[in-house]
Amino acid sequence: MFQKPKHKRKSSNYMPDIVIKQVYERDGGICQYCGKQGANIHHILFGGTGRKRIHTVENLITLCGECHRGVHSNRGMREFTYEWSRQKYGDVIDKLLAEKWSNEK
Ligand SMILES: [Zn+2]
Ligand SMILES: [Zn+2]
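Note that the working numbering has the sequence shown beginning at 26, numbered continuously upward.
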């Protein structure tokens, strides 16, 4: 059953434990950009679609603090995360991207 988070305003930050676990098991807690130990889980599509953040393994990547800062400011690194997801999950991320743009005016 899907559980709704209690606080609406905080819902965008709410990440289900099971998803965090899956991401950790997949990435081994290693930054997928530089290979260092990484403690950050980044939303590849960080704006979400519309206002909603997408907490799925296809949209989440482990990064270290440094690369996490980079990915939010550097277009090339952002492309890297899209490509990384494509290699693992095909065009899931492109579908999310398409949905994002269709929700934005
Ligand atoms: Zn890194
Ligand atoms: Zn992020």
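A virtual CB, placed ideally from N, CA and C, is assigned to each residue, including glycine. Every value quoted in this text rests on a predicted model; they were computed, and no experiment measured them.
Opposing strand residues paired with residue 81 [DSSP bridges]
Residue numbering aside, residue 81 sits at position 56 when the sequence shown is read from its first letter. Looking at the DSSP assignment, residue 81 forms no beta bridge with any residue, so it has no partner.
State the DSSP-derived secondary structure class of residue 70, mapped to helix, strand or coil.
The residue given as residue 70 occupies position 45 in the sequence shown. For residue 70, the three-state secondary structure derived from DSSP is coil.
Here's the rule: buried if 16 or more other CB atoms are within 10 angstroms of the residue's CB, otherwise exposed. What is residue 34?
Position 9 of the sequence shown, counted from the start, is the residue given in the question as residue 34. For residue 34, the predicted structure reports a pLDDT of 49, less than 50, and the residue's modelled location is therefore unreliable. A value from the coordinates is still provided. Exposed, since its Cβ has fewer than 16 Cβ neighbours within 10 Å.
In whole angstroms, what is the alpha-carbon distance linking residue 47 and residue 54?
For the purposes of this step, residue 47 is taken as the residue at position 22 of the sequence shown. For the purposes of this step, residue 54 is taken as the residue at position 29 of the sequence shown. Looking at the two C-alpha atoms, the distance is approximately 11 Å.
Anything with a beta carbon under 6 Å from a heavy atom of ligand 4 counts; list them all in chain order.
Ligand 4 is not among the ligands present in this structure, which contains only ligand 1 and ligand 2.
Apart from the five residues on each side of it in sequence, which residues of its chain come closer than 6 Å, Cβ to Cβ, to residue 59?
Stepping through the sequence shown from its first residue, residue 59 is reached at position 34. Excluding residues up to 5 positions away in sequence, 92 lie with their Cβ nearer than 6 Å to the Cβ of residue 59 in the same chain.
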